[in-house]
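Residue 41 in this note's numbering sits at position 41 of the sequence shown, and the numbers go up by one each step.
Ideal Cβ placement from N, Cα and C applies to all residues, glycine included.
Please read these numbers as outputs of a predicted model, since none were measured by experiment.
Report on the structure given below.
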Amino acid sequence: MADSSATTADAALTHAHSSARGTAPLSATDFAARDDRDLAALAAQGRERAFRELLSRYERPVFSLVFRMVRDRSLAEDLAQEAFIRAFNAIGSYNPSFKFSNWILKIANNHTIDYLRKRK
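This is how it looks when you write it as structure tokens:
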């Protein structure tokens, strides 16, 4: 999954907010030390490194969930990537009173179910 990791991250970032709005740069370790809620808030402000950190934390769980549903590695990679794009395009609607992991996994689950329904 290491090869698809960079591809998924790059594709999701290409489709999501990609430029910071005049904010001071933070180091990679600053992002790694932050919790998901903080990262989601930064991502909503367009902080690319915050997006990347969330991707690195959740790429494997999202892929695993989708793969269990479709049983096809290539399709699961595509659907997981699309789920990340949807999530990050909607990051401003994330409610920090809920766990980020639940939010992003729900998006992946719903996206995969939508795909499976359309395929029938």
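Reduced DSSP category for Ser101 - H, G, I as helix; E, B as strand; rest coil
Here residue 101 corresponds to residue number 101 of the sequence shown, with the count starting at 1. Reduced to three states, the DSSP call for Ser101 is helix.
Applying the criterion that 16 or more other CB atoms from any shown protein chain within 10 Å of the CB defines a buried residue, is Asp35 buried or exposed?
Translated into positions along the sequence shown, residue 35 becomes position 35. It counts as exposed.
Leaving out five residues on either side along the sequence, give the residues of the same chain with a beta carbon under 8 Å from the beta carbon of Lys99.
Position 99 of the sequence shown holds residue 99. Same-chain partners within the cutoff: Asp36.
Here's the rule: buried if 16 or more other CB atoms are within 10 angstroms of the residue's CB, otherwise exposed. What is Thr112?
The count along the sequence shown starts at 1 and reaches residue 112 at position 112. It is buried - the Cβ of Thr112 has at least 16 other Cβ atoms within 10 Å.
Leaving out five residues on either side along the sequence, give the residues of the same chain with a beta carbon under 7 Å from the beta carbon of Ile107.
Within the sequence shown, residue 107 is the residue found at index 107, counting from 1. Cβ within range, chain order: Ala83, Arg86, Ala87.
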